[in-house]
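Enquirer: Here the sequence shown is numbered in full-length UniProt numbering, starting from 1 and rising by one per residue.
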Amino acid sequence: MGGVDCNSEKPPDSSSATEAETDSLAVTKLADSEKKCHKSLLDEVNVPNSDFLHSKEKIEEGDTVIIYVNFGSTYAVKVRRGQTLTMRYGALRHEFLIGKPYGSRVSATAGYIYALRGSPELWTRTLPHRTQILYTP
Numbered sequence: 001m002g003g004v005d006c007n008s009e010k011p012p013d014s015s016s017a018t019e020a021e022t023d024s025l026a027v028t029k030l031a032d033s034e035k036k037c038h039k040s041l042l043d044e045v046n047v048p049n050s051d052f053l054h055s056k057e058k059i060e061e062g063d064t065v066i067i068y069v070n071f072g073s074t075y076a077v078k079v080r081r082g083q084t085l086t087m088r089y090g091a092l093r094h095e096f097l098i099g100k101p102y103g104s105r106v107s108a109t110a111g112y113i114y115a116l117r118g119s120p121e122l123w124t125r126t127l128p129h130r131t132q133i134l135y136t137p
């Protein structure tokens, strides 16, 4: 990884890290024993805080959660107490999500949903896709 040493007393200088090293560091999946080193290295190279990089086991207030209803229905929700998501399959109060592990099946008023952690693939599925026909002159 280009001279990154987690056992040294002082973290490496972030100005010496190349863009490729920074990118590979941000997407590297490490074992539990190496997570502390990984976090300090991410802080050192100034990687922005992202739900994709920091994995928590349980949903907390302020987290962005992907609500998966079915193949065609997904919603991105910022979890806030007192908020309600109204959808085709009933209403879902955000309080029901807080404290649940990611991937849980949660009951809405008219069915069930899955509360998933955000990933690039789920974001692509969740964001609206609009198309437009362009004609050449």
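Using N, Cα and C, we set each Cβ at its ideal position, and we do this for glycine too. Nothing here was measured: the structure is a model prediction, and the numbers come from that model.
Where does D63 fall in DSSP's three states?
Expert: Along the sequence shown, one-based indexing puts residue 63 at 63. Coil at D63, not helix or strand.
Enquirer: What residue range does the alpha helix (DSSP H) around L122 cover?
Expert: Within the sequence shown, residue 122 is the residue found at index 122, counting from 1. L122 -> alpha helix (DSSP H) spans 120 to 126.
Enquirer: For the candidate residues T86, Y102, S119, Y75, whose alpha-carbon lies nearest to that of T126?
Expert: What you label residue 126 is simply residue 126 of the sequence shown in a count that begins at 1. Measuring from the Cα of T126, the nearest candidate turns out to be Y75.
Enquirer: Looking only at its chain, what residues have a beta carbon closer than 8 Å to the beta carbon of R81, apart from the 5 residues adjacent to it on each side?
Expert: Reading the sequence shown from its first residue, position 81 is the one you call residue 81. Counting only Cβ-Cβ distances below 8 Å, and skipping sequence neighbours, we find E61, H94, E95, I98.
Enquirer: Between I113, P137, D63, which has its C-alpha nearest G72's C-alpha?
Expert: Taking the first residue of the sequence shown as position 1, residue 72 is located at position 72. Selected option, being the one with the closest Cα: I113.
Enquirer: For A110, collect the residues of the same chain with a Cβ closer than 6 Å to its Cβ; drop the 5 residues on either side in sequence, then sort them by chain order.
Expert: Counting from one through the sequence shown, the residue named residue 110 turns up at place 110. So the qualifying residues of the chain are Y89, G90.
Enquirer: Please classify R105: is it buried, with 16 or more other beta-carbons within 10 angstroms of its beta-carbon, or exposed?
Expert: What you label residue 105 is simply residue 105 of the sequence shown in a count that begins at 1. Under this definition R105 is an exposed residue.
Enquirer: Report back the beta-carbon spacing between I66 and L116 to the nearest angstrom; my notes put them in contact at under 8 Å.
Expert: One-based indexing of the sequence shown puts residue 66 at position 66. One-based indexing of the sequence shown puts residue 116 at position 116. Right, the Cβ-Cβ distance comes to about 4 Å (below 8 Å), so this counts as a contact.
Enquirer: Which residue's Cα is closest to the Cα of T84: A108, T124, K58?
Expert: To locate residue 84, count along the sequence shown from 1; it is residue 84. With distances taken between Cα atoms, T84 lies closest to A108.
Enquirer: Who pairs with A77 in a beta bridge, going by DSSP?
Expert: Within the sequence shown, residue 77 is the residue found at index 77, counting from 1. Before going further, note that residue 77 is Val rather than Ala in the sequence given. DSSP output for V77 lists V65 as bridge partner(s).
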